[in-house]
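Under the numbering used here, the final residue of the sequence shown carries the number 986; numbering is consecutive throughout.
Glycine residues also receive a C-beta, built at the ideal position from the N, C-alpha and C atoms.
Bear in mind that the values here come from a model prediction, so they are computed numbers and not experimental data.
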Amino acid sequence: MGIRDGESVVPCGPPQQQATFVMLALRRGHAVPLHEVVSGVWGDTAPDSAVMIVRTYVWRLRKLLTSAGCDPQVLARVGDGYRLAEEPLSVDAFEAEHLAADAARARGAEKYDECAMLLKEAVSLWRGEPLAGVPGPFADRQRSRLSELRLTLLEERFDLDLLLGRHAQSVPELTAFIQEQPLRERPYGFLMRALYAAGRQADALAVFGKAREVLAHELGLDPGPELRALHERILACAPDLVPAAAPVTAVAPAAHPQEAGTAAGQAGAADYARPAQLPADISDFSGRNEAVAELCRALTDPDRTALAVASVSGMGGIGKSTLALKVAHQVKGEFPDGQLYADLRGSGTDAADPGTILVSFLTALGVSRRKVPGSLEDRSRMFRTLLDDRRVLLLLDNARDAAQVRPLLPGAAHCAVVVTSRARLVGVPSGAHVRLAEFSTGEALSLVRRIVGESRIAPEEEAALALVVACACLPLAVRIVATRLSSRPGWTVAHLVARLADERRRLAELRADDLAVAAAFELGYHQLTDRQAMVFRSLASVAWPHIGLGAASAALGLDETEAEDLLEPLVDAALLESPAPGRYRYHDLVRDFARQLPPDGEGSAAAVERRLLDHLLEMAGEAFRWMVPGDPVHSTIAAGAVRPDGPRFTDLAEAREWVITEFDCALHTVQLLVRRWEAAEPGLLTQAADVLVALSSFGQDVPYAQMAIAAEALAETAALAGNHRAAGRAHFICGNAAIQETRLTRARTHAQRAAEFCRRAGDRAILQQAYNDLGVIAQFEQRYDDAAGFFDEALVLAREWGQRSGELITTLNAALARIRGRRAEEALPACEEALGALREMADQHGVAHALCVRGQALHELGRYQEALDGYRECLDVCATAGIPGQQAQAWYRCAETLRVMGDVDQALEAADRAVAYYRTVPGRDRDRGYALWTQARVSLGAGHHERALAQAGEALEVFTRTALPEAAQVRALIDGIRPAPV
């Protein structure tokens, strides 16, 4: 769901925002009242703040439309609702309906080619399920309507294809359609007519039998009268079932060329041979429906003017050969002069010689072996000549490269080729190319059920899901485990899952008869050069879930150009994947394979991890410098100052982007080090702690809770190793995360341990922050004098250390403690001083925090307008700098001031915005409780007693669960609320 801006598509935001846009887009030109939008988006489950949420969504949508080049008034407010005033044909759904109407008119005028073109264009507007993922009753209704429209258009196109005599060409697509929609009767009739007109009466009758079986099993019904009548007519060989425009003719082998000057003539083959070399079809083929349909269409396109080549690429074990064979069997009826097959062995070290393959093909076509020319070029020319007036299908499996394939290609447009390879064959013209990914879990489970049987899988659904996940949904691995289960009736699914749990043994378990996952990877691995193989082995332990080129080159000890030159061939060999430019990842089973290979020298795991950690620390330290400019903690990070030739971000946005992109890889590297700390160099635990400290400054941009899990393991390990500095820093991260989640007992424990370890290590920079956290905890617990004491200790350390930014933030925290302790007059001067200093430092996060604290001081002093002005400035700073958490806090503080000033409408809107944000962000319970508490007071002031009671009740639940003392105050508010007068 998105807005097209030229060639690009702009996403429409979160699901409910998409649902709002759908309602407005599909009722263009009409005013949609707010209550209808709320009903269409949420139905009977609309929240109390639904109206405010919709208004926020509309505001965001208007910005998106404006950025896409639309006039701001294209989404206008009309009365109590909104109207989207845009031409209907800019909406895909309207365009599809318009094309369908044009197609109906063209058919009525007997302009069948035009009708077919219009129907094809209409169907092409669907890109998967309509309105996928869009919630709400309105979207559900539209999804059903649009899905039915697509099916109807497809049926009309099939009907038209038969009218135009395209019987054989329609068979593959009709077959795929019936698999997708087995309960629609009309397509069964189309397929029966197509098969009969193509000379396949028995197959046509079998389709009727299949339809009767499916309808009886699923619905308990017999086929309808129209399908039964068609069955009787096919039994009677009714002549009108074959239109005059497409007479059924006997298919005979093409006459062999007899021209003396041709290579075929020189071959002197007297009799034509019709080869049928395809291996047996796969009876338990599962999934890949879209890929099958796409390849079949390319191979049977009646309008093609050049050789049809359909190619399939992907990693070993991904199912390329299986898919290609299935497609070849589906379309072979379109090639009456035979099928040729060759395994080109391109993934191994003994790739097939194309000249040898041509000898096999020529003799299969009837050429005497002694008449086969000696050179590759002459054999290729003879092959093309023989196939010039024949319709032959070729399946070239497991190709190495384009040079191996090109001599094997016919020249005739009425032939077709299916070719598989690990890398895409750029030098081979391809009408359709499919790069296979692993199965979806649904496809993988379907294959397991086909092989093992539903009766064994149904009682162990969860274990079956765990089984295919353990196989990383690689089709070959799934087939192997399913085969093993099938041949061992005494095994449960859970037993096999347990055998696969040990990653060191997993590949050994993924073997059955002559099938083995490791063997599929070995073929590609043995084609690598020594340096490529070293890279493949070296990065396997650290590239999780993926790794950037900069990090990979650092881990390898290479410059980026050299590293890229070694990594890209691994992508071409399908041993690595490249999900985005400059990023690389291993499939889970490929990683297992690589990690079992022997390490060597500088490529050893320990050396790679050490170099990568050095790089991550340097980059994270530079990012920290951008996030907290001037903070002397940067100088305490083990890397110290950035090298002159080291990393340089141009702005905070670039630093933030790096942190978000490399966060998972950095966390994984820390966890690797913790697991093998006894064998690591002593200083590496310190570096790991410093990486986490640097990343913690981006707490709103990364999953802080995940970092806290890694930090806790690091804290325990560092304590065991006697590394007090690393332990103190890791405990500080854990305490900070617990504060964000309002887990105060846990936060206090970690902060106290952080202070203890930091004192032992002489780490005054983090000791200052630990005292600050202890002050925050005391403040949350309403122990304001204790909080002020901790903040004062932190201030002393900050000033001694010259930690200006830490001093200012602690000053603000101390001021906040005094505000909460009803000493706002003492706090205000400190707020003013800190705000001025933070403005000079251009620390936007600090400025936003200072404005919010200063606003609270002004509010407590009764200077409400000044407080409101400060909050609004804070909101502007947050919007510009991208600080959503502080922005939401400013909204609910603003709402409280507006409430006191009597501006109930604006107070409601501000409180609703704050609550809406905190509902979407986990781990911010205290702020959510405050926002709800404020919202309840505002609702009460507006006379919405029931709403206020519900909001206060939710706030009470939050404060009670987090053991915050505000629970008593909220309970008093609830006790004071009375139902509205009747």
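Cβ neighbours of L799 in the same chain (closer than 8 Å, five flanking residues each side left out):
In the sequence shown, the residue the question calls residue 799 occupies position 795. Close CB contacts of L799 within its chain, under the 8 Å cut and outside five residues either way in sequence, are with E811, T814, T815 and A818 (chain order).
Should Q939 and A918 be called a contact, given that it needs their Cβ atoms to be closer than 9 Å?
Residue mapping note: residue 939 aligns to position 935 of the sequence shown, counting from 1. Residue mapping note: residue 918 aligns to position 914 of the sequence shown, counting from 1. Judged by beta-carbon spacing, A918 lies within the 9 Å limit of Q939, meaning their Cβ atoms are closer than that value.
Examine the Cβ distances between the segment 446-457 and the segment 340-360 and report whether three or more of them are shorter than 8 Å.
At 8 Å Cβ cutoff, the stretches do not touch.
What ranges does the beta strand (DSSP E) occupy inside the segment 566-632, keeping only unbroken runs of at least 3 residues that lie completely in it?
Here the runs fully enclosed are 581-584 and 587-589.
Should L968 go down as buried or exposed, given a rule of 16 or more other Cβ atoms within 10 Å for buried?
Taking the sequence shown and counting its residues from 1, one reaches residue 968 at position 964. Under this definition L968 is a buried residue.
Cβ shell of V58 (< 8 Å), same chain only, five flanking positions each side left out
Stepping through the sequence shown from its first residue, residue 58 is reached at position 54. If we look at V58 and ignore the five residues flanking it on each side, its Cβ neighbours are T24, L38, V41, V42 and V45.
Enumerate, from N- to C-terminal direction, the unbroken beta strand (DSSP E) stretches of 3 or more residues contained entirely within the segment 341-379.
As far as the segment 341-379 is concerned, its whole beta strand (DSSP E) runs of at least 3 residues are 343-347.
Quick one: what's got a C-beta closer than 7 Å to R764's C-beta in the same chain, skipping five residues either side?
Here residue 764 refers to the residue found at position 760 when the sequence shown is read from its first residue. The beta carbon of R764 lies closer than 7 Å to those of H728 in the same chain, with the five residues before and after it left out.
Whole-angstrom Cβ separation of D288 and R454, contact assumed at under 8 Å?
Here residue 288 refers to the residue found at position 284 of the sequence shown. Here residue 454 refers to the residue found at position 450 of the sequence shown. Contact holds; Cβ gap of about 4 Å.
Nearest to M623 by CA position, among V432, F142, T654 and W937, is which residue?
Numbered from 1 along the sequence shown, position 619 holds the residue referred to as residue 623. The residue with the shortest Cα to Cα distance from M623 is T654.
Starting from the N-terminal side, write out each stretch of the beta strand (DSSP E) that is 3 residues or longer and does not extend beyond the segment 804-856.
Counting whole runs of 3 or more residues, the segment 804-856 contains no beta strand (DSSP E) stretch at all.
Between E442 and P707, what straight-line distance do the alpha-carbon atoms span, to the nearest angstrom?
Residue numbering aside, residue 442 sits at position 438 when the sequence shown is read from its first letter. Residue numbering aside, residue 707 sits at position 703 when the sequence shown is read from its first letter. C-alpha separation (whole angstroms): 27 Å.
Integer Cβ distance of V663 from A627, believed to fall under 8 Å
Here residue 663 refers to the residue found at position 659 of the sequence shown. Here residue 627 refers to the residue found at position 623 of the sequence shown. Contact between V663 and A627 holds, with the beta-carbon distance rounding to 5 Å and staying under 8 Å.
So S545 packs on R599, CB below 8 Å; how close in whole Å?
Taking the first residue of the sequence shown as 1, we reach residue 545 at position 541. Taking the first residue of the sequence shown as 1, we reach residue 599 at position 595. So it is a contact: roughly 6 Å between Cβ atoms.
Under a Cβ-count criterion, where at least 16 other Cβ atoms within 10 Å of its own Cβ denotes burial, should C669 be classed as buried or exposed?
Here residue 669 refers to the residue found at position 665 of the sequence shown. Around the beta carbon of C669, 16 or more other beta carbons lie within 10 angstroms, which makes this residue buried.
Quick check on DSSP: helix, strand or coil for D931?
For this step, residue 931 is matched to residue 927 along the sequence shown. In the structure shown, D931 sits in a helix (DSSP, three-state: H, G or I).
Mark S351 as exposed unless 16 or more other C-beta atoms lie within 10 angstroms of its C-beta, in which case mark it buried.
Against the sequence shown, residue 351 aligns to sequence position 347. Around the beta-carbon of S351, 16 or more other beta-carbon atoms lie within 10 Å, marking it buried.
I'd like the ranges of any alpha helix (DSSP H) spanning at least 4 consecutive residues and lying wholly in the segment 13-61.
The alpha helix (DSSP H) runs of length 4 or more contained entirely in the segment 13-61 are, from start to end of the chain, 19-29 and 38-46.
When you compare each of A476, G494 and V472 to A486 by their alpha carbons, which one comes out closest?
Here residue 486 is taken as the residue at index 482 of the sequence shown, counted from 1. Considering only alpha carbons, the answer is V472.
6 Å Cβ shell around I781 - same chain, five flanking residues per side excluded
Indexing the sequence shown from 1 puts residue 781 at position 777. Only L748, A751 and R752 meet the Cβ criterion.
Exposure of W63, with buried meaning 16 or more beta-carbon neighbours within 10 Å
Counted from its first residue, the sequence shown places residue 63 at position 59. Result: exposed.
Can you round the beta-carbon distance between P735 and F702 to whole angstroms, since I take them to be within the 8 Å contact cut?
Numbered from 1 along the sequence shown, position 731 holds the residue referred to as residue 735. Numbered from 1 along the sequence shown, position 698 holds the residue referred to as residue 702. For the record, residue 735 in the displayed sequence is His; it is not Pro. A Cβ-Cβ separation of about 20 Å leaves H735 out of contact with F702 under the 8 Å criterion.
Which runs of the beta strand (DSSP E) fall wholly inside the segment 534-558 and span at least 3 residues, in chain order?
Taking 3 residues as the minimum length, the segment 534-558 contains no beta strand (DSSP E) run wholly inside it.
Using the three-state DSSP reduction, which class does S71 fall into: helix, strand or coil?
The count along the sequence shown starts at 1 and reaches residue 71 at position 67. For S71, the three-state secondary structure derived from DSSP is helix.
Note down the Cα distance separating A198 from D106, rounded to an integer number of angstroms.
As a first step, residue 198 must be located in the sequence shown, where it is residue number 194. As a first step, residue 106 must be located in the sequence shown, where it is residue number 102. Spanning the two alpha carbons is a distance of roughly 26 Å.
Taking DSSP as the reference, what is the three-state secondary structure of A871?
Here residue 871 corresponds to residue number 867 of the sequence shown, with the count starting at 1. Three-state result, A871: helix.
For A416, the three-state DSSP class (helix, strand or coil):
As a first step, residue 416 must be located in the sequence shown, where it is residue number 412. In the structure shown, A416 sits in coil (DSSP, three-state: anything other than H, G, I, E or B).
7 Å CB neighbourhood of V674 in its chain, flanking five on each side removed:
For the purposes of this step, residue 674 is identified with residue 670 of the sequence shown, where counting begins at 1. Within the same chain, V674 has close Cβ partners A692, V695, L696, A714 and L718.
Residues that DSSP places opposite Y86 in a beta bridge:
As a first step, residue 86 is located in the sequence shown; it is residue number 82 there, counting from the start. Residue pairing by DSSP places Y86 opposite V36 and R81 in a beta bridge.
Alpha carbon to alpha carbon, how far is A834 from L65? Give it in angstroms, no decimals.
In the sequence shown, residue 65 corresponds to position 61, counting from 1. In the sequence shown, residue 834 corresponds to position 830, counting from 1. Take the alpha-carbon of L65 and the one of A834: they are about 41 Å apart.
When the Cα atoms are used, what is the spatial distance from G957 to Q786?
Here residue 957 refers to the residue found at position 953 of the sequence shown. Here residue 786 refers to the residue found at position 782 of the sequence shown. It is roughly 21 Å from the alpha-carbon of G957 to the alpha-carbon of Q786.
By DSSP, does D401 sit in helix, in strand, or in coil?
Here residue 401 corresponds to residue number 397 of the sequence shown, with the count starting at 1. In this structure, D401 counts as strand in the three-state DSSP scheme.
Please work out which residues of its chain come closer than 8 Å, Cβ to Cβ, to Q21, disregarding the five sequence neighbours upstream and downstream, and give them in chain order.
As a working note, residue 21 is residue 17 in the sequence shown. Contacts found: Y61, R64 and L65.
Excluding five sequence neighbours on each side, which residues of the same chain lie with their C-beta closer than 6 Å to the C-beta of Y200?
Within the sequence shown, the letter at position 196 stands for residue 200. Result list for Y200: A208, I238 and L245, in chain order.
With a CB to CB cut of under 6 Å and the five nearest residues on each side skipped, what residues in its chain are close to D979?
Translated into positions along the sequence shown, residue 979 becomes position 975. Same-chain partners within the cutoff: there are none.
Exposed or buried, which one is Q710 when buried takes at least 16 other CB atoms within 10 Å?
Looking up residue 710 in the sequence shown gives position 706. Label assigned to Q710: exposed.
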